[in-house]
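According to the working numbering, the residues represented by the sequence shown are 26 to 503, in order. Notes for the one structure printed next.
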Amino acid sequence: MNKRIVGNILGKVLLIEAALMLLPLTCSALYGESVLPFLWPMLMLCAAGLLLTRLKADGDLYAREGFVCVGASWVLMSAFGSLPFVFSGDIPNWIEAFFETVSGFTTTGATILPAVEGLHRGVMFWRLFTHWIGGMGVLVFIMAVLPTSGAHYMHIMRAEVPGPTVGKLAPRIRKTARILYLIYIALTLLEMVLLLFGGMSFYEALLHAFATAGTGGFSTRNASIAAFDSVYIEMVIAVFMMIFGVNFNVYFLLLLGQVRSVAKSEELRTYLGIVAASTLLIAANIASRAGGFGQGLRYAFFQVNTIMSTTGFGTADFDAWPEFSRFLLFLLMFVGGCAGSTAGGMKLSRVLILLKSWAFELKKLVLPSRVRRIWFESRPVEDETVKSVHVFFAAYMMVLLLCGLVLSLDGMDFTTNLTASLACISNVGPGLSAVGPAGNYAMFSPLSKLVLSLEMLLGRLEIFPMMYLFSPKVWMRR
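Structure representation (structure tokens):
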């Protein structure tokens, strides 16, 4: 383990987080609030960051160092990022503040707060801004803005960007990171402008654009998006949730004018097909309760997109819907969005490869001489990729069930425990029963909140970078 290069990168991460806190600090100052809840953490971050960056980064970055950098940076960011909540007094309990911060950075949107409208404006800004920071990943941001040397920095992108495979959009990794962030920023600003046209204030439009872009789900209102009672705002946010749930490679191809390549994308067509089919099925199922099929479509389209993109905004209490609709949304929590998006879940590409591999094994039993390879996106899938998908699925299910078992110590019902665990590892936010859209996670014990925080990190980083972080062998010398 090259600890010097790991320490150097972690120092840069802490300095970047200190710089990012300037925005909520400025917000606090503009609203006449105390800036100390952000000033003290910034000073601590700068001190720790400058100390770590003094380590000379000798050598190059390999897969082991890349995974450790990603896992450790997210833990440190969450630990320091929780301090404004504590220092402001909005969430005085550090474990609860850590849970809320992890939920923000991992774009989960699970909360322990029964009411959010009483938060300080600066703290509210930071709470939703963490979604935007975590959506694309802070290490990808570092690669975009700071000089990086060595082709092995691709290991960081592989560890932080979700999906079974990660490719370059440009020959240089730094240019790839810049392209991703430019697309991310442009879409965020576009949504903010459209929300302003819907009557939102600049403050709320910007913060909800942050939360949508990161597919997070925190809101400035207790009733979430339902508080605005606007079909226009709901549809804008629903469409952008769907947009941010799509692989960002698609938008790069569109910029290059490669519309045919986009139209041929198997993952994109399946994603849009699932959204359309699920919306129609749920709309028909809830039509009698919603006041007609038209209203059913309104609520179904929003909730399908908020669950499929793992954002977690709400316009209706879907926990009160018929069992068919609830179970369909439960299944969508597993699937999540596309690889290379800001969405969570298993990722649709993995689900498709998994289903194709099962069908492949069945065909081999019947026609062993005619079946050769699994195909996805018009290309044969490497055996190593298929293997990694199966390993990920097994690890995903094991974490889901083990964490659900720990939660059961608190005495909650089965649905609450299972869906809380699923909502956290899939980075969805709301689950069913006590953790449904009308509930929160405040009733869990400190142990359960720490377990759920770990589960959110495991889900956002797709399990293995966090597992690497806690493996003793990883920290041994080469």
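Note that beta-carbon positions come from the ideal geometry of N, C-alpha and C, so glycine has one too.
Counting C-beta pairs with one atom in each stretch, the region 91 to 102 and the region 415 to 424 have fewer than three that are closer than 8 angstroms, which means they do not touch. Annotation for P66: the continuous alpha helix (DSSP H) segment containing it runs 61 to 78.
Going by beta carbons, G484 and T136 fall outside the 9 angstroms limit.
Counted as a single uninterrupted DSSP element, the alpha helix (DSSP H) harbouring P49 occupies residues 47 to 55.
Every alpha helix (DSSP H) stretch that sits fully inside the region 230 to 315 and reaches 4 residues is listed by chain position as 256 to 269, 273 to 280, 284 to 288, 291 to 315.
For R404, DSSP records a beta bridge to F401. Using a 10 angstroms sphere on the CB of L280, the tally of other CB atoms stays under 16, which defines it as exposed.
Exclusion of the five residues before and after A73 leaves L39 as the residues of its chain whose Cβ lies within less than 6 angstroms of its Cβ. In the pairwise beta carbon analysis, the region 242 to 253 is classified as not touching the region 272 to 290: fewer than three pairs are separated by under 8 angstroms. By the criterion of a C-beta distance shorter than 6 angstroms, L50 is surrounded in its chain by V60, F63, once the five residues flanking it on both sides are discounted. Its Cα nearest to that of H156, the residue E125 stands out among F343, E125, E480. Closest by C-alpha distance to A238, out of A252, V261, A251, L357, is V261.
CA-CA distance, L482 to G159, rounds to 11 angstroms. For S382, the enclosing alpha helix (DSSP H) has its first and last residue at 373 to 391.
Around the beta carbon of A251, 16 or more other beta carbons lie within 10 angstroms, which makes this residue buried. One thing to note: I307 has its Cβ within 9 angstroms of the Cβ of Q328. Remark: C-beta atoms of E402 and S478 do not approach each other more closely than 9 angstroms.
Within 10 angstroms of the beta-carbon of L214 lie fewer than 16 other beta-carbons, which makes it exposed. Going by C-alpha positions, L373 is about 23 angstroms away from G129. In this chain, the alpha helix (DSSP H) harbouring P490 covers 489 to 494. Using a Cβ distance threshold of 9 angstroms, C52 and R146 count as a contacting pair. Residue environment for A384: exposed (fewer than 16 other C-beta atoms within 10 angstroms of its C-beta).
I116 sits in coil when the DSSP states are folded into three classes, being neither helix nor strand. Boundaries of the alpha helix (DSSP H) harbouring V360: 348 to 360, taken from the DSSP string. A straight-line Cα-Cα distance of about 10 angstroms links S303 and L322. At a Cβ-Cβ threshold of 9 angstroms, A236 and F326 do not count as neighbours. With contact defined as three or more Cβ pairs closer than 8 angstroms, the region 425 to 440 and the region 407 to 416 are not in contact. Cβ atoms of M266 and T295 stay farther apart than 8 angstroms, at about 17 angstroms. The DSSP-derived three-state label of P109 is helix. Excluding residues up to 5 positions away in sequence, G188, N272, F273, N274 lie with their Cβ nearer than 6 angstroms to the Cβ of G365 in the same chain. When the five nearest sequence neighbours on each side are left out, the beta carbons in the same chain lying within less than 6 angstroms of the beta carbon of W119 are those of V111, in order along the chain. Each residue's CA atom was taken as its position, placing N330 and L76 some 44 angstroms apart. When DSSP states are grouped into helix, strand and coil, H145 belongs to the coil group. For the 9 angstroms CB-CB criterion, T335 and G298 do not form a contact. Within 10 angstroms of the beta-carbon of F123 lie 16 or more other beta-carbons, which makes it buried. In the structure shown, I204 falls within a helical segment according to DSSP collapsed to helix, strand and coil.
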